[in-house]
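Counting with mature numbering (1 follows the signal peptide of the UniProt record, and there is no 0), you get residues -20 to -1, 1 to 658 for the letters of the sequence shown.
Ideal placement from N, C-alpha and C gives every residue a C-beta, glycine not left out.
Just so you know, these numbers come straight off a predicted model, no measurement behind them.
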Amino acid sequence: MKIFLCSLMLLLTIPDAIFSSECPESCSCQLPDSIFCHQRYSPAFPKDIHPAIRNLYLFNNRIEVIKREDFSNLQDLELLDLSQNKLTQLPDRVFEPLTSLKNLDLSSNQITQISEDCFHGMSKLERLYLYSNHITTIHPAAFDGLENLLELKLQNNMLKYPFTFSMPRLLLLDLSYNLLPTLSPSDLKTPNLESLKLASVGLTRVNDHLLKHLKNLHELDISGNHFTSFPSGVKEIPGLLYLSVAGNPMNPLKADDLQNLKELNQLDISSLGLHGLPEEFPLLLPNLKKLRVAQNPFNCLCNLVWFPRWLTDQGIILEKTAETRCHFPLSHARKLLTALKYSDFGCPSTTTVTTTTIKSTTTTTSVPVTTLPTTTKAGKVHKDTANPDDITPPFVTESSSIKTLDKSKEHFCPPQTCLHGGTCHLHEHGQVECTCPHGTSGMYCEIQNESLPSPPEPESPEATATADEPDITLRQPTGTSICLNLHRYIELRPYLSGIRITYRNLSGSDQRPRELSLPKSISEYTLRGLHPNSIYSICVSPFGAPIGTDSVCTKARTNPETITGKNVATTSPSPPTTALVPATAILLILVVIAVAIGVVCYLRWKKGKGHMDLDCEPSQLELDGVKAGLDNGALPQKQPQHMNPEPAVQNGGLEYVLLLQDHCASNNIMPSHKPPYF
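Pasting the structure below:
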């Protein structure tokens, strides 16, 4: 008998995953949580799926057809990944049995159209990925009923005209790599949208009213279109944090184009045919952290000498450094812009002339000295003398300086004619000549002695990272989102098969943790739908490992909610007369309640025939009735502090997202394939 009981107890303690009968063929299971059927290479939908499963991964299985019956017993399923299969159509109401589904990935299939009832009954769906298909038509009512949708990705399809997206809670919309030459405010009824990606859709202009309507926008990608000038409506988005206008045939950037974008963290102005940058550039973007100016034909002359120093002083990361090179002069062609020294930009050796007296034993002479050219509009001069390329050039002799001053009265040389400190003058025929310093030659001193060692290329930020750099960093906090940088965490852990992110709101009443699952190929991810002005605890750990194993945690605060409008910039206290009205109403209501309680007590006393034991405390039912009356409008109700959508309450307090995610604020919108990390 004892042996039987011991055997029974041992049988009950064996994990579900050990029972092969519970797991479909050619799949790996972590029951009752997840089933992974990766690269089964079978056109049929797997059978015998555990009915209590929450996450079902069926990517890259060559599945050709799905039916409603395949999901009939999966009412608890929250995540379904059917990406990288061979689906060509979605039957009507095929997902209707999945009443708990929150994440659906149908990317990288061969779907051609979305009918009216494809997603019928999926009211809890939060993320829908349809990118990298062959979709040409979408029924106008296809997304009706998806009132909780937060992310919709349709990039890299064959859409040829705009559709109306009426989704009040939507936070991310990606329509890149389609053919949508026009978009109007009526096409995007998404007032809470945080990220809009319209790369390479054939736009020639952006409707200004469309951008003004999206008051919560933080990320905008309009790269690869046909803009001939900087879109004026972009300046009307004061909370913009990420902007990409790369690959447009624009005119040169002007300082006015970047006004009102002081909150910008990341800017991509690659492939615009730029020869230089506005001198006011550093003052217009005080919060810039990442910059991409690759594949522009820069003229590396004196008017761009401030750029490398500004990047270093402000700690700005220049992305695609190897593609940011000089085009002119020929001596610097193909050289890295950030590798040039001050002297390489050919700034004049003398910009202002002052005199100082040097005493000697015999005579006193005045020797002109030179001052370092200013690098900002305000005239700030760097005094760092540790770098020999940044200090003042040597004193010139008295005779040569007097000769230069005399000649400057007789003729005029255009400024910055001679490079590398050469002296400009006119010969007897009135033509410009340059007297080149040692080590340079050419008509304009543009050729340097090739025997001189070329400056080393600057090290990338990853190579100079300090040992005490945290494994996870946070950036781009807004009122409703936080972007996680996971590069270092992944680099230090080559054994990772995936990443698990757990976060919870420490400032709210609901502090239950929510959990996300990501592949290790996703090094940046944005947590969306958060509460403003709240502290969040965020932990990152290896996927599949016990909770707490090799976990790195941090805390972050979301920004307070900002109210936009002409007359709400400041809030003044209400006059005493306006505050007195609700106070008087409350007092009258309390008097009525007291009278009602007195009447109830009197009736009870009378019913008790004069009993002296009077209990004037109202019953709980009566208090509930009074409270219900107050809640129904007797007292003024407090309005919600914000209209940003919040994630729906998860089963068990956990939230799962798809394994295939894109980088936050990136241009990586081309289809990518999932690595076999399981």
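* Under 9 Å, do Ile502 and Ile518 count as touching if we go by C-beta distance? -> A distance of 9 Å or more separates the beta carbons of Ile502 and Ile518.
* Asked: Which residues in the same chain as Pro522 place their Cβ atom closer than 6 Å to its Cβ, once the five residues preceding and following it in sequence are excluded?
  -> Around Pro522, the same chain offers Leu476, Asp530 as residues with beta carbons nearer than 6 Å, after the five sequence neighbours per side are excluded.
* In the DSSP assignment, find the unbroken alpha helix (DSSP H) run with Phe287 in it and report its ends. => Where Phe287 is concerned, the enclosing alpha helix (DSSP H) starts and stops at 286 to 294.
* Where does Val273 sit, in a helix, a strand or coil, going by DSSP? -> Three-state DSSP puts Val273 in coil, outside helix and strand.
* Of the residues Pro499, Ile427, Ile452, Ser103, which one's Cα is nearest the Cα of Asp324? -> Of Pro499, Ile427, Ile452, Ser103, the smallest CA-CA separation from Asp324 is found for Ile427.
* To do: Measure how close the beta-carbons of Asn276 and Ser311 come, nearest whole angstrom, since I'm counting them as under 8 Å.
  => Not confirmed; about 19 Å, so no contact.
* Asked: What residues in its chain sit with their C-beta under 6 Å from that of Leu271, if we drop five residues either side in the sequence?
  -> Taken in chain order, the residues that qualify are Leu247, Ile296, Leu298.
* **As assigned by DSSP and simplified to three states, the class of Ala576** => Note: Ala576 maps to helix in three-state DSSP.
* Asked: Is Ser212 helix, strand or coil by DSSP?
  -> Shown here, Ser212 sits in a helix according to DSSP, grouped into three states.
* To do: May I ask which residues mark the beginning and end of the alpha helix (DSSP H) holding Ile479?
  => Element bounds for Ile479: not the alpha helix (DSSP H) but the beta strand (DSSP E), 479 to 485.
* Please say whether Asn228 and Gly213 have beta carbons closer to each other than 9 Å? => It is not a contact, given that the beta carbons lie outside the stated cut-off.
* Asked: Hey, Leu59 and Ile46 are a contact pair by Cβ (cut 8 Å); roughly how many whole angstroms apart?
  -> Actually they do not touch by this definition, with Cβ atoms about 16 Å apart.
* To do: Check Ala179 in the structure and name its three-state DSSP category.
  => The three-state reading of DSSP puts Ala179 in coil, since its state is none of H, G, I, E or B.
* To do: Identify, in the order they occur along the chain, each residue of the same chain with its Cβ nearer than 7 Å to the Cβ of Thr258, setting aside the five sequence neighbours on each side.
  => Here residue 258 turns out to be Pro, not Thr, going by the sequence shown. Short of 7 Å from the beta carbon of Pro258, and not among the five residues preceding or following it, lie these beta carbons of its own chain, in chain order: Leu233, Lys234, Ala235.
* Unbroken alpha helix (DSSP H) run spanning Phe261, endpoints -> Run containing Phe261: 261 to 264, per the alpha helix (DSSP H) assignment.
* Asked: From what residue to what residue does the alpha helix (DSSP H) around Ile470 run?
  -> That run of the alpha helix (DSSP H) goes 467 to 471.
* For Leu38, the nearest candidate out of Ser88, His418, Gln294 (CA to CA) -> The candidate whose alpha carbon is nearest that of Leu38 is Ser88.
* Asked: Is it buried or exposed for Thr170, if we count other Cβ within 10 angstroms and need 16 for buried?
  -> So Thr170 counts as buried.
* Chain-order list of residues whose beta-carbon lies under 7 Å from that of Arg485 (same chain, five-residue window excluded) -> The question names Arg, yet the displayed sequence has Asn at residue 485. Excluding five sequence positions before and after Asn485, the CB atoms of its chain that fall closer than 7 Å to its own CB belong to Gln491, His511, Ser514, Tyr516, given in chain order.
* With C-beta atoms as the reference, is Asp97 less than 9 Å away from Asp72? -> Taking the C-beta atoms as reference points, Asp72 is found nearer than 9 Å to Asp97.
* To do: Use the C-beta contact count for Pro288: other C-beta atoms within 10 angstroms, 16 or more gives buried, fewer gives exposed.
  => By the 10 Å Cβ count, Pro288 comes out buried.
* Three-state secondary structure assigned by DSSP to Phe123 -> Three-state result, Phe123: coil.
* According to DSSP, is Ser521 helix, strand or coil? -> Strand, per DSSP.
* Runs of beta strand (DSSP E) lying entirely within the region 53 to 97, each at least 3 residues, in chain order -> Annotation note: the region 53 to 97 contains the following uninterrupted beta strand (DSSP E) runs of length 3 or greater, listed N- to C-terminal: 59 to 61, 83 to 85.
* DSSP state of Asn35, grouped into three classes? -> The three-state reading of DSSP puts Asn35 in strand, counting E and B together.
* If you measure from the beta carbon of Ala319 to each beta carbon in chain C, is any gap under 9 Å? -> Looking at the structure shown, chain C is missing, and only one protein chain is on hand.
* Asked: Given Lys389, which residues of its chain have a CB within under 6 Å of its CB, disregarding the five upstream and five downstream residues?
  -> Legend: pLDDT at Lys389 = 37, less than 50; position of this residue unreliable, value from coordinates given subsequently. Cβ neighbours of Lys389 within its own chain (closer than 6 Å, five residues either side excluded): none.
* Asked: In whole angstroms, what is the alpha-carbon distance linking Leu317 and Tyr424?
  -> Taking C-alpha positions only, Leu317 is separated from Tyr424 by approximately 20 Å.
* Asked: What are the residues that DSSP puts in a beta bridge with Leu498?
  -> Its beta-bridge partners are Ile479.
* Asked: Which of the three DSSP states, helix, strand or coil, is assigned to Cys282?
  -> Correct three-state label for Cys282: helix.
* Count the other C-beta atoms from every protein chain shown that fall within 10 angstroms of the C-beta of Pro474, then say buried if there are 16 or more, exposed otherwise. => Label assigned to Pro474: exposed.
* Minimum C-alpha distance to Ala536 - residue among Gly419, Thr460, Ile115, Pro148 -> Considering only alpha carbons, the answer is Thr460.
* May I ask you to report which of helix, strand or coil DSSP gives Tyr505? => DSSP places Tyr505 in strand when its eight states are reduced to three.
* Cβ-based burial, Gln19 [other Cβ within 10 Å; buried from 16] -> Classification for Gln19: exposed.
* To do: Excluding the 5 residues preceding and the 5 following Asp451 in the sequence, name in chain order all residues of the same chain whose CB lies nearer than 7 Å to its CB.
  => So the list reads Arg468, Tyr469, Leu472, Val532, once near-sequence residues are dropped.
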